[in-house]
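Novice: Here the protein sequences come in this chain order: A and B.
Residues in the first sequence are numbered consecutively from 50, following the working numbering.
Residues in the second sequence are numbered consecutively from 119, following the working numbering.
Yeah, the Cβ is synthetic: ideal placement off N, Cα and C, and Gly gets one too.
Attaching a single structure in structure tokens format; questions to follow.
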Amino acid sequence: MVNRLFNLIRVGDEPSAPRSRLLELAHCLLALALLSGGFTYAFSQFDYQWNWRVLAEYQPLLWRGWWTTVALSLAALCLSVLIGMVVALALLSRLPVLRYLARIYVEMVRGTPLLVQILICFYVFANAVGIQDRYLVGIMTLSLFSGAYVTEIFRAGMESVGRSQWESARAIGLTPAQTYRYVVFPQALRQTLPPLAGQFVSLIKDSSLLSYISIRELTFAAQSVTSLTYSSLEVYLPLALGYLVLTLPISLWTQALERRVHFHT
Amino acid sequence: MQLRVDKITKRFGAQLALNEISLGLDHCRTLALIGPSGGGKSTLLRVLAGLEYPDSGTLEIDRQEISFREEALNRHRRSVGVVFQAFNLFPHLTALGNLTLPLEKVQGISREEADARARAVLGQVKLLEHANKRPAELSGGQRQRVAIARALVIRPRFLLLDEPTSALDPEMTAEVLDMIKDLREQDHDFVLVTHEMGFARQVADQVAVIAEGRLVESGPAEALFANPAEAFTRRFLARILRY
Numbered sequence: 050m051v052n053r054l055f056n057l058i059r060v061g062d063e064p065s066a067p068r069s070r071l072l073e074l075a076h077c078l079l080a081l082a083l084l085s086g087g088f089t090y091a092f093s094q095f096d097y098q099w100n101w102r103v104l105a106e107y108q109p110l111l112w113r114g115w116w117t118t119v120a121l122s123l124a125a126l127c128l129s130v131l132i133g134m135v136v137a138l139a140l141l142s143r144l145p146v147l148r149y150l151a152r153i154y155v156e157m158v159r160g161t162p163l164l165v166q167i168l169i170c171f172y173v174f175a176n177a178v179g180i181q182d183r184y185l186v187g188i189m190t191l192s193l194f195s196g197a198y199v200t201e202i203f204r205a206g207m208e209s210v211g212r213s214q215w216e217s218a219r220a221i222g223l224t225p226a227q228t229y230r231y232v233v234f235p236q237a238l239r240q241t242l243p244p245l246a247g248q249f250v251s252l253i254k255d256s257s258l259l260s261y262i263s264i265r266e267l268t269f270a271a272q273s274v275t276s277l278t279y280s281s282l283e284v285y286l287p288l289a290l291g292y293l294v295l296t297l298p299i300s301l302w303t304q305a306l307e308r309r310v311h312f313h314t
Numbered sequence: 119m120q121l122r123v124d125k126i127t128k129r130f131g132a133q134l135a136l137n138e139i140s141l142g143l144d145h146c147r148t149l150a151l152i153g154p155s156g157g158g159k160s161t162l163l164r165v166l167a168g169l170e171y172p173d174s175g176t177l178e179i180d181r182q183e184i185s186f187r188e189e190a191l192n193r194h195r196r197s198v199g200v201v202f203q204a205f206n207l208f209p210h211l212t213a214l215g216n217l218t219l220p221l222e223k224v225q226g227i228s229r230e231e232a233d234a235r236a237r238a239v240l241g242q243v244k245l246l247e248h249a250n251k252r253p254a255e256l257s258g259g260q261r262q263r264v265a266i267a268r269a270l271v272i273r274p275r276f277l278l279l280d281e282p283t284s285a286l287d288p289e290m291t292a293e294v295l296d297m298i299k300d301l302r303e304q305d306h307d308f309v310l311v312t313h314e315m316g317f318a319r320q321v322a323d324q325v326a327v328i329a330e331g332r333l334v335e336s337g338p339a340e341a342l343f344a345n346p347a348e349a350f351t352r353r354f355l356a357r358i359l360r361y
């Protein structure tokens with residue numbers, strides 16, 4: 050029985066394409082039909098008065114929220130890459146104090162919930178240093194959170210560049226700085242792009258938690274509309290769609306990247 | 119080249135890779151280092167390449183003592199060409215890019231000139247048509263030829279080849295050995311670590327047998343292969359030439 054099940058799983062790099070394009074299309078449609086069947090059943094069991102006029106009426110508010118989400122995510126994305134680079138280098142530093150600082154930062158951030166970090170940053174740290182702008186606090190918290198994951202991605206990328214590469218760089222007389230610049234970084238970048246793109250998908254979704262400190266991003270806008278109109282699904286479904294149009298292209302791009310990154314010395 | 123290795127010792131942890139090894143050659147075009155695996159010949163080659171810091175001893179090349187401080191060693195590395203067993207090309211660069219990187223970044227040569235010089239050397243190793251391919255698109259023999267071209271393009275004082283054919287199948291081995299023979303005829307000096315005894319006998323004028331971190335014996339290739347002085351060398355050659 051178990052053996053039978055495993056027969057359905059591909060082995061190694063056996064090609065995934067079934068016999069013909071037509072058959073592939075049929076499988077795809079079947080998958081969609083199964084899923085939409087499930088959804089239709091769930092929604093039909095749900096006794097609900099649809100009121101789509103709400104959406105038309107509050108559309109501007111939702112759009113503004115969507116753009117805020119895009120802007121917050123973009124800003125946090127750039128900052129987290131910057132943080133990731135600096136902290137990854139600190140992790141590889143010769144100075145133990147830098148390594149410990151970096152390691153503690155990464156483990157603290159990865160080991161605690163983002164919501165807790167947002168609340169602590171907003172109510173304690175931002176208050177202590179006198180930052181009033183909640184958007185700034187939001188972007189910084191999100192960047193620090195995402196930066197810890199980006200750090201690990203960069204570290205893994207740099208460590209994936211083998212000893213033999215350092216050796217040939219040394220043999221041709223490159224200095225350590227030149228070796229990083231011309232040999233390690235270009236190769237590490239290729240290794241890190243797919244996981245980095247995946248991290249950005251998470252970042253976009255995680256930005257929804259900023260609604261807890263009243264940042265008017267997409268989720269906050271949706272919550273405002275439901276509390277004003279008492280209609281929830283007409284808002285939550287577009288809400289999901291609003292995130293999906295941002296994350297899905299990145300996800301597809303990631304998959305394309307993953308197919309391209311492999312090469313040998 | 120002139121070479122004087124004097125009582126060089128190199129440890130890796132508890133393991134003694136080179137044990138006060140000494141070797142003097144006043145004039146040598148091609149030196150082959152042979153001996154059993156793990157005997158220290160690759161480590162000696164890496165010391166000559168400036169890639170290892172010996173624990174003690176001195177090294178003199180062309181009547182100049184090599185200082186084992188990083189700065190001086192880096193200057194030394196820039197003057198010699200090294201070829202590794204596993205090619206060690208830069209996978210993100212094309213064949214041409216692998217050659218121009220040391221020229222542009224280490225020697226500070228302009229892009230146009232580096233490009234012209236790299237193309238000339240690629241032509242010499244008959245790989246000009248593959249100049250814009252990445253290592254992954256080349257065969258093993260072609261990769262090793264690019265690696266040799268990368269070592270040559272800097273116009274080194276001499277070449278150091280560390281088992282350049284050990285990772286290749288027989289056909290590609292012949293391709294690379296032919297090329298090394300050509301280099302010898304073009305008056306390039308080199309030191310070669312190899313397990314190809316027939317080849318060592320053909321191209322080397324001096325041979326050093328190294329085992330357990332020490333020099334067993336050294337001498338002119340023809341004489342050493344025909345009539346080894348040491349029983350160890352006789353046994354080693356008999357073992358390796360049996361098949």
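Closest to B/Ile139 by C-alpha separation, out of B/Leu151, B/Val123, B/Arg129, would be which residue?
Specialist: Here the question's residue 139 of chain B lines up with position 21 in the second sequence. Nearest C-alpha to B/Ile139: B/Val123.
Novice: So if DSSP puts B/Thr127 in a beta bridge, which residue, or which two residues, is it bridged to?
Specialist: For the purposes of this step, residue 127 of chain B is taken as the residue at position 9 of the second sequence. Partner(s): B/Ser174.
Novice: Residues in its own chain within less than 7 Å of A/Ser300 by CB, not counting five upstream and five downstream?
Specialist: Position 251 of the first sequence, counted from the start, is the residue given in the question as residue 300 of chain A. Same-chain partners within the cutoff: Val250.
Novice: Between A/Ala197 and the rest of its own chain, which residues show a CB-CB distance below 7 Å, the 5 nearest in sequence each way excluded?
Specialist: For this step, residue 197 of chain A is matched to residue 148 along the first sequence. Taken in chain order, the residues that qualify are Tyr154, Val155, Val158, Arg159.
Novice: Could you give the uninterrupted runs of the alpha helix (DSSP H) lying entirely in the stretch 188–244 of chain A, keeping only those of 4 residues or more?
Specialist: 212–220, 225–228, all fully within the stretch 188–244 of chain A.
Novice: Whose C-beta lies closer than 7 Å to the C-beta of B/Ala135 among residues of the same chain, with five residues either side of it excluded?
Specialist: What you label residue 135 of chain B is simply residue 17 of the second sequence in a count that begins at 1. Closer than 7 Å at Cβ, skipping near neighbours: Lys128, Arg129, Gly158, Thr161, Gly331.
Novice: Let me check understanding here. Comparing Cα to Cα, which of B/Ser336, B/Pro154, B/Pro209, B/Phe350 lies closest to B/Pro60?
Specialist: There is simply no residue 60 of chain B to check, as chain B begins at 119 and stops at 361 in what is shown.
Novice: Buried or exposed: where does A/Phe194 fall if 16 or more other Cβ atoms within 10 Å of its Cβ makes it buried?
Specialist: The count along the first sequence starts at 1 and reaches residue 194 of chain A at position 145. Buried is the call here.
Novice: State the Cα-Cα distance for the pair A/Val178 and A/Gly86, rounded to the nearest angstrom.
Specialist: Looking up residue 178 of chain A in the first sequence gives position 129. Looking up residue 86 of chain A in the first sequence gives position 37. For A/Val178 and A/Gly86, the distance between alpha carbons rounds to 53 Å.
Novice: Is A/Pro235 close to chain B, meaning its C-beta is less than 7 Å from at least one C-beta of that chain?
Specialist: The residue labelled residue 235 of chain A in the question sits at position 186 within the first sequence. With 7 Å as the cut-off, A/Pro235 counts as an interface residue toward chain B.
Novice: By Cβ distance below 6 Å, which residues in the same chain neighbour A/Leu111 in space, the five residues on each side in sequence not counted?
Specialist: Along the first sequence, read from residue 1 onward, the residue named residue 111 of chain A stands at position 62. Here the set comprises Ala270.
Novice: In chain B, what lies closer than 7 Å to A/Gly222 by C-beta?
Specialist: Along the first sequence, read from residue 1 onward, the residue named residue 222 of chain A stands at position 173. Result: Asn192, Arg195, Arg196, Pro220, Val224.
Novice: Taking C-alpha atoms, which residue in B/Val321, B/Pro346, B/Arg352 lies nearest to B/Cys146?
Specialist: The sequence position of residue 146 of chain B within the second sequence is 28, counting from 1. Closest by alpha carbon: B/Val321.
Novice: Interface residues of chain B around A/Ser213 at Cβ under 8 Å?
Specialist: On the first sequence, position 164 is the one that residue 213 of chain A refers to. What A/Ser213 touches in chain B: Phe202, Ala204, Asn206.
Novice: Terminal residues of the continuous beta strand (DSSP E) containing B/Asp280?
Specialist: Mapped onto the second sequence, residue 280 of chain B falls at position 162. Unbroken beta strand (DSSP E) run through B/Asp280: 277–280.
Novice: Taking Cβ positions only, does B/His248 come closer than 7 Å to chain A?
Specialist: Locating residue 248 of chain B in the second sequence gives position 130, counting from the first residue. B/His248 does not count as touching chain A.
Novice: Any beta carbon from chain B within less than 7 Å of A/Thr314's own beta carbon?
Specialist: Residue numbering aside, residue 314 of chain A sits at position 265 when the first sequence is read from its first letter. Residue placement at A/Thr314 is poorly supported in this model, since its pLDDT is 42, which falls under 50; the coordinates still yield a value, given next. Output row for A/Thr314: interface = yes.
Novice: Less than 7 Å separating the beta-carbons of B/Val200 and B/Leu143?
Specialist: For the purposes of this step, residue 200 of chain B is taken as residue 82 along the second sequence, with counting starting at 1. For the purposes of this step, residue 143 of chain B is taken as residue 25 along the second sequence, with counting starting at 1. Contact: no.
Novice: For B/Leu163, which of B/Arg319, B/Phe350, B/Val311 has the nearest alpha-carbon?
Specialist: Indexing the second sequence from 1 puts residue 163 of chain B at position 45. Per the Cα distances, B/Val311.
Novice: Assuming B/Ser336 is part of the beta strand (DSSP E), what are its boundary residues?
Specialist: The residue you call residue 336 of chain B lines up with position 218 of the second sequence. 332–338 is the extent of the beta strand (DSSP E) around B/Ser336.
Novice: Just to make sure I have the definition right: I need the residues of chain B whose C-beta is within less than 8 Å of the C-beta of A/Glu216. Which are they?
Specialist: Taking the first sequence and counting its residues from 1, one reaches residue 216 of chain A at position 167. Near A/Glu216 (Cβ distances below 8 Å), the residues of chain B are Leu169, Phe202, Asn206.
Novice: Out of B/Leu240, B/Asn206, B/Gln203, B/Phe205, point me to the one whose CA is closest to B/Thr218's CA.
Specialist: The sequence position of residue 218 of chain B within the second sequence is 100, counting from 1. Closest by alpha carbon: B/Leu240.
Novice: When we look at the beta-carbon of A/Ser93 and count the other beta-carbons within 10 Å, is it buried (16 or more) or exposed?
Specialist: Your numbering for residue 93 of chain A matches position 44 in the first sequence. By the 10 Å Cβ count, A/Ser93 comes out exposed.
Novice: What whole-angstrom Cβ distance do A/Leu191 and A/Ala125 have, given they're in contact under 8 Å?
Specialist: The sequence position of residue 191 of chain A within the first sequence is 142, counting from 1. The sequence position of residue 125 of chain A within the first sequence is 76, counting from 1. Their Cβ separation, rounded to whole angstroms, is 4 Å, which keeps A/Leu191 and A/Ala125 in contact under 8 Å.
Novice: DSSP three-state call for A/Ser300: helix, strand or coil?
Specialist: Position 251 of the first sequence, counted from the start, is the residue given in the question as residue 300 of chain A. Note: A/Ser300 maps to helix in three-state DSSP.
Novice: Should B/Lys223 be labelled buried (16 or more other beta-carbon atoms within 10 Å of its own) or exposed?
Specialist: Position 105 of the second sequence holds residue 223 of chain B. Buried.
Novice: Could you say if the stretch 281–289 of chain B and the stretch 297–317 of chain B meet the contact criterion of at least three C-beta pairs nearer than 8 Å?
Specialist: Verdict: yes, contact present.
Novice: What does the Cβ neighbour count give for B/Gln182, buried or exposed, with the cut at 16 atoms within 10 Å?
Specialist: As a first step, residue 182 of chain B must be located in the second sequence, where it is residue number 64. Its Cβ having fewer than 16 others within 10 Å, B/Gln182 is exposed.
Novice: Under the three-state reduction of DSSP, which class applies to B/Phe350: helix, strand or coil?
Specialist: As a first step, residue 350 of chain B must be located in the second sequence, where it is residue number 232. Residue state, collapsed to three classes: helix.
Novice: What would DSSP say about B/Val325, mapped onto helix, strand or coil?
Specialist: Mapped onto the second sequence, residue 325 of chain B falls at position 207. Strand.
Novice: What are the boundary residues of the beta strand (DSSP E) that B/Val79 is part of?
Specialist: There is no way to answer for residue 79 of chain B, as the model of chain B reaches only from 119 to 361.
Novice: Note down, in chain order, each residue of its chain lying with its Cβ closer than 7 Å to the Cβ of A/Met134, except the 5 sequence neighbours on either side.
Specialist: For the purposes of this step, residue 134 of chain A is taken as residue 85 along the first sequence, with counting starting at 1. These residues qualify, in order along the chain: Phe203.
Novice: In whole angstroms, what is the alpha-carbon distance linking B/Thr176 and B/Phe308?
Specialist: For the purposes of this step, residue 176 of chain B is taken as residue 58 along the second sequence, with counting starting at 1. For the purposes of this step, residue 308 of chain B is taken as residue 190 along the second sequence, with counting starting at 1. So the two alpha carbons sit approximately 20 Å from each other.
Novice: Please say whether B/Val325 and B/Thr351 have beta carbons closer to each other than 7 Å?
Specialist: Walking along the second sequence from the start, residue 351 of chain B turns up at place 233. Walking along the second sequence from the start, residue 325 of chain B turns up at place 207. Taking 7 Å as the Cβ cut-off, B/Thr351 and B/Val325 do not qualify as a contacting pair.
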